[in-house]
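Below is one structure, written out as structure tokens; comments come after it.
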Amino acid sequence: MSALLSQQLIFGLLGGLGMFLFGMKIMSEGLQKIAGDKMRKILAALTSNRVIGALVGIAVTAIIQSSSATTVMVVGFVNAGLLTLVQSIGVVLGANIGTTITAQLIAFKITKFALPAIGIGAGLKLFSTNKKYSYIGEIILGFGLLFFGLTTMKHAFNPLKSSEDFRQLFLLVGDYKLLGVLVGALLTVIVQSSSATIGITLALASSGLISFEASVALILGENIGTTITANLAAIGTNLAAKRTAFSHFLFNVLGVMYMLILMPLFMKFISAITPGDADFVVQTQAQAASFGAEIGDKPYIARHIANTHTLFNIINTIIFLPFIGVLAKISTLVIRGKDDLDDLTVKFIDDRVLNTPPVAIGQARRETLRMAQIALEMVEETNLFLDDGDFKRIRALEKKEEMVDILQRDILDFLVKLSQKSISTQTSETLGSLMNMANDLERIGDHCENIWNLGIRKFEAKISFSKSGENEVAGIAEQAYEFLQFVVNALEHEDQTIGAKAMEYEDTIDGLEESLRKNHIDRLHTGECAVQPGLIFIDILHSYEKIGDHTYNVSEAVLGEK
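All residue numbers for the sequence shown refer to the numbering used here, where the first residue is 447 and numbers rise by one.
Here you go:
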């Protein structure tokens, strides 16, 4: 028991695990910054094809190095209505394979390069003026810290080699597989990282403290433990998101159940395809020098564990991929109920994706586009109200105005939270542009409200414009609508060629407002127009001119100039 409470073990395990997790975080952030918009485009490739969904899950998890992060993102996408339940299950299946890359990398005997990697990575990160090299430095630094943390944990376990109590404990894990599965699952839930559990398992196994059989039981438990994160993330989401998280738990549990039954055959297969004897122990100094290890270490077991982890998830995915529909039905039967959806909420952004900035930016862009489309509908409905005086339109317009205000607040809150994460310069610039867009779109909504309130005054007071005045208002209204429609279309397609045309629209609306104001003064002089209608007329012109100004601001933000 004294070995379990030794300072070397406690300090080494805490420090090693801390470096391992921090290295994973830095490496993941560096990879995301390098990937940038590519990851958003990968996610955009999602279709109802389950194989493509699984491949996307593999690719995204390989980029961000965390199946938990991928499944949390997927839960967020389902909650936003971006993915169906069936699509999401395919992605999560792929994520299970993608996360095994971490173990494969760790299994390479490159721990001796950990310190040089930390030095080179830190040098690039701190002193490089080129952003790309700085991000590469983060990746190298993350790798170095990851491997150095793993080495530290491995050395921390040395006192346990002489502990008979500890050996008996892990002999129990080897003899009672369900106990091993439970320990692996609990450990993963505690540290909230399947990669960290793999790291601890590899450190224990490589130090010769646990057998290959016990390692496999822990790995199977880790595959159950990692699903808990997604289920916690699903709390407070809609039914489809809860069902996605439950499906992840379901197929991992079912996979572990049949694998426990087939475990002897599975382990023989892994041993057959992996070089060396998993439980071979270094016993002499000559062997230690040959393997670059210490006496008591198991030099082959890391690769066996990595292959076990990868192959289990590949087999599980192949088995369950044709039965995604069945999994979805089971999840629907278990997680019952109806969603009570409120239109006055964001659809696309979700705080669960904040730790993956490229994806978060993509979702913020989609929510901003939705806001722009609502603003466009407001301009169109406002124009129609001025034309026909149908007061039934007002209720719908007020709801849209409330929706635009809510979206502005929630988008800005989301972007402020994102700005506090570790993001690239390009992401930071995009974030600023989206903030400006949200503010300008909200102001367009405010000016629409001014116009329809002026229209209400006009119709309630039975005020009429002259024929010329009616045509002029209709003309500037149509120009404002066309301009916003043009910019919203550019935002949707990320069109970077709209600069000249946007300037032309802006000049046209400014010129119209000035000339129509002058025409109105001329009509006042001739008595064709009265003072009271004229005040409403001038205010309407001014509001449409302001809509043109804010639309032009949005076009600059689309171009990245604001």
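Ideal Cβ placement from N, Cα and C applies to all residues, glycine included.
DSSP three-state assignment for residue i, whether helix, strand or coil
i	result
Ile681	coil
Glu827	helix
Asn576	coil
Phe697	helix
Ala907	coil
Ile897	helix
Ile456	helix
Pro768	helix
Ser717	helix
Asp886	helix
Gln729	coil
Ile955	helix
Tyr746	coil
Asp941	coil
Leu930	helix
Phe603	coil
Glu1007	coil
Tyr622	coil
Ala739	coil
Leu529	coil
Arg689	helix
Gly722	coil
Ser912	coil
Nearest to residue i (by Cα), restricted to the options the options
i	options	result
Asn829	Leu706, Leu987 and Thr972	Leu987
Phe476	Ala810, Met709, Gly544 and Thr873	It should be pointed out that residue 476 corresponds to Gly in this sequence rather than to Phe. Checked all of Ala810, Met709, Gly544 and Thr873; the closest Cα to Gly476 is Thr873.
Leu591	Ala686, Gly462, Val502 and Arg969	Gly462
Ile902	Gly536, Ile982, Glu823 and Leu666	Ile982
Val805	Gln453, Phe468 and Lys479	Lys479
Phe468	Leu706, Ile586 and Ala734	Ile586
Ile646	Asn669, Thr597, Ser693 and Leu628	Thr597
Ala553	Ser641, Phe523, Ser736 and Leu460	Ser641
Ala691	Gln550, Ile781 and Ile564	Ile781
Gln454	Ser910, Lys471 and Ala602	Ala602
Glu848	Met473, Ile719 and Arg889	Arg889
Ser860	Asp995, Ala563, Arg812 and Lys838	Looking at the sequence itself, residue 860 is Phe, so the reference to Ser does not match. Of the candidates Asp995, Ala563, Arg812 and Lys838, the one whose C-alpha sits nearest the C-alpha of Phe860 is Arg812.
Tyr951	Val933, Glu960, Glu940 and Thr754	Val933
Ile674	Gly654, Ile656, Phe697 and Val662	Phe697
Ser693	Asp851, Gly536, Glu938 and Val1000	Gly536
Ile636	Ala651, Ile670 and Gly499	Ile670
Gly595	Phe466, Ser639 and Thr778	Phe466
Asn495	Leu529, Ile993 and Ile582	Leu529
Nearest-angstrom Cα separation, counted from residue j out to residue i
i	j	result
Phe831	Ile955	20 Å
Gly915	Thr876	42 Å
Ser717	Ile807	45 Å
Thr672	Ser534	17 Å
Ala660	Asp621	8 Å
Leu504	Ile547	This sequence places Ile at residue 504; Leu is not what is there. Distance between the alpha carbons of Ile504 and Ile547 is about 10 Å.
Asp856	Val792	7 Å
Asp953	Leu900	25 Å
Tyr579	Asn801	22 Å
Gln866	Thr943	31 Å
Thr871	Gly588	20 Å
Phe658	Phe758	15 Å
Ser879	Val799	19 Å
Asn917	Lys863	47 Å
Ile922	Tyr990	7 Å
Asp886	Thr997	7 Å
Lys688	Val532	13 Å
Phe905	Lys913	16 Å
Asp833	Ala920	8 Å
Val520	Met705	26 Å
Gly891	Phe695	44 Å
Thr984	Met881	According to the sequence provided, residue 984 is Ile. The question's Thr does not apply to it. Each residue's alpha carbon lies about 31 Å from the other.
Lys908	Asp836	14 Å
Ala508	Ala1003	32 Å
Ile564	Met470	13 Å
Asp788	Ile681	At Asp788, the pLDDT of 47 sits below 50, so the modelled position is not reliable; the number obtained from the coordinates is stated separately. Using only the alpha carbons, I get a separation of about 18 Å.
Arg969	Ser910	14 Å
Asp786	Gln809	At Asp786 the pLDDT is 47, less than 50, meaning the model places this residue with poor confidence; the figure from the coordinates comes in the next sentence. Taking the straight line joining both Cα atoms gives about 22 Å.
Leu625	Ile776	27 Å
CB contact check: residue i to chain B, cutoff 8 Å
i	result
Lys688	Checking the listed chains, one finds no chain B in this structure; it contains a single protein chain.
Could you say if the segment 765 to 784 and the segment 562 to 575 meet the contact criterion of at least three C-beta pairs nearer than 8 Å? Too few Cβ pairs lie closer than 8 Å, so no.
Inter-stretch contact at 8 Å, needing at least 3 Cβ pairs: the segment 817 to 827 / the segment 536 to 545: no
Which runs of the alpha helix (DSSP H) fall wholly inside the segment 790 to 877 and span at least 4 residues, in chain order? If we require 4 residues or more, the alpha helix (DSSP H) runs fully inside the segment 790 to 877 come out as 803 to 834 and 838 to 865.
Threshold first: 4 residues or longer. Then list the alpha helix (DSSP H) segments lying entirely within the segment 534 to 601, N to C. Within the segment 534 to 601, the complete alpha helix (DSSP H) runs of at least 4 residues are 546 to 553 and 560 to 573.
Between the segment 704 to 724 and the segment 732 to 751, can you find at least three pairs of beta-carbon atoms closer than 8 Å? yes
Please confirm if the segment 558 to 566 is in contact with the segment 748 to 767, defined as three or more CB-CB distances below 8 Å between the two stretches. no
Considering only residues of the segment 633 to 675, which uninterrupted alpha helix (DSSP H) runs meet the minimum length of 4 residues and lie entirely inside it, listed in chain order? Under the rule that a run must span 4 or more residues, the alpha helix (DSSP H) segments found entirely inside the segment 633 to 675 read 640 to 652.
Measuring CB atoms only, is the segment 834 to 852 touching the segment 886 to 898, in the sense that at least three cross pairs come out at less than 8 Å? yes
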